[in-house]
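The block underneath contains the structure these notes are about, expressed in structure tokens.
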Amino acid sequence: MPSVTRLTPADHRRVPWKNGGGVTTELAVEPMADGRFLWRVSIADVVEPGPFSAFPGYDRLIAVVEGDGMRLSVDGAPPVERHRMDPAFAFPGEAPVWCEPTAGPIRDVNLMLDRASATGALTLLTGPASGCADGRRVDGHRAGGAVVLVHALAGTLTVTLDGAGALSVPVGHSLLLRDAAALVEVEAAAEGVCAEVRLR
735 MPSVTRLTPA DHRRVPWKNG GGVTTELAVE PMADGRFLWR VSIADVVEPG PFSAFPGYDR
795 LIAVVEGDGM RLSVDGAPPV ERHRMDPAFA FPGEAPVWCE PTAGPIRDVN LMLDRASATG
855 ALTLLTGPAS GCADGRRVDG HRAGGAVVLV HALAGTLTVT LDGAGALSVP VGHSLLLRDA
915 AALVEVEAAA EGVCAEVRLR
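With the working numbering applied, the sequence shown covers 735 to 934.
Now the structure itself:
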């Protein structure tokens with residue numbers, strides 16, 4: 735049966751990085767019996783260059799949502815740059831990663847997935863006149879899967895479940911959907927993120 739759970743900032747949990755280099759804010763997480771998690775969506779502030787924590791057995795998707803951007807060096811490969819609201823960048827959680835903000839502190843959103851159990855996608859949503867440098871925008875996004883997490887970064891998002899009414903998601907809040915399909919719409923100048931988890 736489909737289910738819908740509203741999450742407010744009071745539901746968020748501040749968690750130290752595994753390497754001690756900072757703190758991440760968990761928007762939502764699904765624990766497993768062995769102490770690992772099946773998936774996690776979180777937001778982290780990066781204020782200075784440094785390594786990422788290692789998460790063996792996980793696939794990671796990351797995107798910059800505040801600040802200019804970051805430069806990632808993954809497992810010795812040439813550095814990759816991602817700027818604010820660029821498409822998410824995927825990499826293996828066990829790979830050594832060095833992160834360097836390109837012009838001051840940034841905030842990024844992360845989707846982590848237990849590789850043996852799940853796949854997923856991380857989509858950034860921007861409404862008209864939201865200020866994306868290259869003019870791109872996504873006014874509506876069809877989402878579905880075992881789990882869908884919709885989080886409002888700015889303004890208000892509207893989530894319409896198939897066969898049901900519309901739900902508003904204000905800034906800083908999230909909507910957690912299970913076994914449901916929905917249309918996520920973004921009002922003018924609003925921004926958000928949609929994480930979709932599919933079980934293997």
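Cβ atoms here follow ideal geometry from the backbone N, Cα and C, with glycine treated the same way.
query, result
"May I have the straight-line CA-CA distance separating C866 from V799, to the nearest angstrom?", "The predicted position of C866 is uncertain, since its pLDDT is 43 and thus under 50; a value taken from the coordinates is nonetheless stated next. Between C866 and V799, the C-alpha separation is close to 11 Å."
"Alpha carbons only, please: which of D913, D809, H907 is nearest the one belonging to T742?", "H907"
"Taking CB distances under 9 Å as the criterion, tell me whether R805 reaches chain C.", "Absence of chain C from the displayed structure is noted, only one protein chain being present."
"With distances taken Cα to Cα, identify the nearest neighbour of L910 among A923, A900, V881, V920.", "V881"
"Please report the straight-line C-alpha distance between D793 and M804, rounded to a whole angstrom.", "19 Å"
"Given a threshold of 16 other Cβ atoms within 10 Å of its Cβ, counted over all protein chains shown, does V761 qualify as buried or as exposed?", "First, the residue type needs correcting, since residue 761 is Leu and not Val in the sequence shown. L761 comes out buried."
"Looking at T894: is its Cβ nearer than 9 Å to the Cβ of A924?", "no"
"Taking C-beta to C-beta, are G754 and F789 nearer than 9 Å?", "no"
"List, from N- to C-terminal side, the beta strand (DSSP E) runs of 3 residues or more that fit wholly inside the segment 812-853.", "814-817, 823-826, 831-835, 840-848"
"Is A956 near F825, with beta carbons less than 9 Å apart?", "Shown here, the chain extends from 735 to 934; a query on residue 956 therefore has no answer."
"What is the DSSP secondary structure of A744, reduced to helix, strand or coil?", "helix"
"Between the C-alpha atoms of A744 and L806, what's the straight-line distance to the nearest angstrom?", "31 Å"
"Please determine if the segment 762-771 and the segment 807-817 are in contact, where contact requires at least 3 C-beta pairs separated by less than 8 Å.", "no"
"Check each candidate in A778, V918, R774, S737 and name the one with the smallest Cα separation from I840.", "A778"
"Looking only at C-alpha atoms, which of W773, W751, R747 sits nearest to A850?", "W773"
"Quick one: using the 10 Å Cβ neighbour count with 16 as the cut-off for buried, is K752 buried or exposed?", "exposed"
"Using three-state DSSP, classify V780 as helix, strand or coil.", "strand"
"Is it buried or exposed for D913, if we count other Cβ within 10 angstroms and need 16 for buried?", "exposed"
"So, under 8 Å CB-CB, H885 and V927 are touching, yes? Tell me the CB distance rounded to an integer number of Å.", "5 Å"
"Per DSSP, H885 forms a beta bridge with which residues?", "S908, V927"
"Note down the Cα distance separating L858 from G791, rounded to an integer number of angstroms.", "25 Å"
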